[in-house]
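Asker: Under UniProt numbering, the first residue of the sequence shown is numbered 1, with each subsequent residue one higher.
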Amino acid sequence: MQNETVIEAPCDRDGLTKRYTEQAMQWIAEHQHEPFFLYFPQAMPGSTSTPFSSEQFRGKSGNGPWGDAVEELDWSIGVMLDQLRDLGIADDTFVIWTSDNGAPINRNVNDLSRGSNLPLHGRGYTTAEGAFRVPTIVWQPGKVPAGTVCNELATTMDLLPTFAKLAGGALPRNREIDGHDISPLFYGEQNAKTPYEAFYYYHADQLQAIRSGPWKLFLPVAGKPHPHFPSNQPPEPLLFNVVEDIGSQHNVAAEHPEIVKRLIALAGTAREQLGDRGRPGSGQRPPGRIAEAATPKPQRLAQ
């Protein structure tokens, strides 16, 4: 589908990365003389055990279909950055490359056929570090300092207020905005720090963990599988220093009861504002889809 037009049926998923890239580059060429925003979410590698890639990348990585798909993504962003340089707009274009979540790895963490989150613990779709903590690359020649690393905590919720700041816009004041301007982190400003006193890890509408500074506390969640223990083991509060213990291997709750107490208090603030399963929060909209009743039913476009 392209908007409401069927351009191929059935879809050749092997060619999606290449086709998406070509479409994005065509759009950039058409809008190069005006300010633009391009949101470009690739379909690969996704959560399938055998991601798709075009013929020129098949078998190239030495790490099976997953590696091949990643190789093609690397090609994709490379040719797009080359295009920005060739068009002479690279210095005025801010590029962010990131992921929506960690890989849905196999039970054997050394089996890389579905990606790897090492040295982080856990798989995608949980509240473990291996699910939430993803790499991000920021690029703007001459403005973002090349070859530098920032380990401060930030989230994709911060992109909206950051883009508004960079574009000279103002955020609406009639609602709560979940996010902060993190351009000081991107541009390597001296003493730039995370804007978060606390970060909350929700699984759907259930609060499961909270982080403040280097400390991450997993809350007791009755009757739910825990990212660190099987579901038949009674959950206890678990505390990890995710800076010094990046693999979340050592529960230090017993050694730091004061930190556990502080994080549990912060969790209470989250529940008041954002809610928890079965408990609405003061800043939480009613559950459901936005304008669900006004959404027209899809029309059949092809047999």
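In this text, a Cβ means the ideal position worked out from N, Cα and C, and glycines have one as well.
1. Tell whether a beta-carbon distance below 7 Å holds between L153 and T194.
2. In terms of residues, what are the limits of the beta strand (DSSP E) holding I96?
3. Buried or exposed for D68, please, with buried defined as at least 16 other CB atoms from any protein chain shown within 10 angstroms of its CB.
4. With burial defined as no fewer than 16 other Cβ atoms inside 10 Å of the residue's Cβ, what is the status of F36: buried or exposed?
5. Do L274 and G281 have their C-beta atoms within less than 7 Å of each other?
6. Can you name, in chain order, every residue of its own chain whose Cβ lies under 8 Å from the Cβ of L120, other than the five neighbours on each side?
7. For E258, which of H250, E244 and L239 has the nearest alpha-carbon?
8. By how many angstroms is the C-alpha of Y39 removed from the C-alpha of A302?
9. What runs of the alpha helix (DSSP H), each 4 residues or longer, lie entirely inside the stretch 202-280?
10. Label T98 either buried or exposed according to how many other C-beta atoms from any shown protein chain fall within 10 Å of its C-beta, with 16 as the threshold for buried.
11. Could you tell me the distance, in whole angstroms, from the CA atom of L16 to the CA atom of T136?
12. What three-state label does DSSP hand G169 in the structure shown?
13. Report yes if the CB atom of T162 is closer than 7 Å to the CB atom of I182, and no otherwise.
14. Find the nearest neighbour of L207 within the set G168, Q32, E22 and P237, judged by alpha-carbon distance.
15. From the DSSP output, in three-state form, read off Q2 for me.
16. How should A209 be labelled, buried or exposed, when 16 other C-beta atoms within 10 angstroms of its C-beta is the threshold for buried?
17. In chain order, which alpha helix (DSSP H) runs of at least 4 residues are fully inside the UniProt domain "Sulfatase N-terminal" (15-168)?
18. Identify, in the order they occur along the chain, each residue of the same chain with its Cβ nearer than 6 Å to the Cβ of E72, setting aside the five sequence neighbours on each side.
Answerer: Reading off the structure:
1. In the sequence shown, counting from the first residue as 1, residue 153 sits at position 153. In the sequence shown, counting from the first residue as 1, residue 194 sits at position 194. Between L153 and T194, the C-beta spacing is below 7 Å.
2. Locating residue 96 in the sequence shown gives position 96, where the first residue counts as 1. From DSSP, the beta strand (DSSP E) with I96 extends over V95 to W97.
3. Here residue 68 refers to the residue found at position 68 when the sequence shown is read from its first residue. Buried, by the Cβ-count rule.
4. Residue mapping note: residue 36 aligns to position 36 of the sequence shown, counting from 1. Answer is exposed; the Cβ neighbour count stays below 16.
5. Working through the sequence shown from its first residue, we reach residue 274 at position 274. Working through the sequence shown from its first residue, we reach residue 281 at position 281. Yes, Cβ-Cβ distance for L274 and G281 is below 7 Å.
6. Numbered from its first residue, the sequence shown carries residue 120 at position 120. Hits under 8 Å: G102, A128, E129, G130, R133, I246, G247 and S248.
7. Walking along the sequence shown from the start, residue 258 turns up at place 258. When only C-alpha atoms are compared, the closest one is L239.
8. Looking up residue 302 in the sequence shown gives position 302. Looking up residue 39 in the sequence shown gives position 39. Reliability fails at A302, whose pLDDT of 44 lies under 50, so the model's placement of it is uncertain and the value that follows must be treated cautiously. Approximately 27 Å between the Cα atoms of the pair.
9. Those alpha helix (DSSP H) runs which fall completely within the stretch 202-280 and span 4+ residues are 257-274.
10. Counting from 1 along the sequence shown, the entry for residue 98 is found at position 98. With fewer than 16 Cβ atoms within 10 Å of its Cβ, T98 is classed as exposed.
11. For this step, residue 16 is matched to residue 16 along the sequence shown. For this step, residue 136 is matched to residue 136 along the sequence shown. Their Cα atoms are separated by approximately 23 Å.
12. Looking up residue 169 in the sequence shown gives position 169. Three-state result, G169: coil.
13. As a working mapping, residue 162 is identified with position 162 in the sequence shown. As a working mapping, residue 182 is identified with position 182 in the sequence shown. In contact: T162 and I182 (Cβ atoms closer than 7 Å).
14. Position 207 of the sequence shown holds residue 207. Checked all of G168, Q32, E22 and P237; the closest Cα to L207 is P237.
15. Residue 2 sits at position 2 when you count from the first residue of the sequence shown. It is a strand residue.
16. One-based indexing of the sequence shown puts residue 209 at position 209. A residue is called buried once 16 or more other Cβ atoms fall within 10 Å of its Cβ, and A209 is buried on that count.
17. If one requires a minimum length of 4 residues, the alpha helix (DSSP H) runs lying completely within the UniProt domain "Sulfatase N-terminal" (15-168) are 16-30, 64-87, 129-132 and 159-166, in chain order.
18. Position 72 of the sequence shown, counted from the first residue, corresponds to residue 72. So the list reads T17, S53 and F57, once near-sequence residues are dropped.
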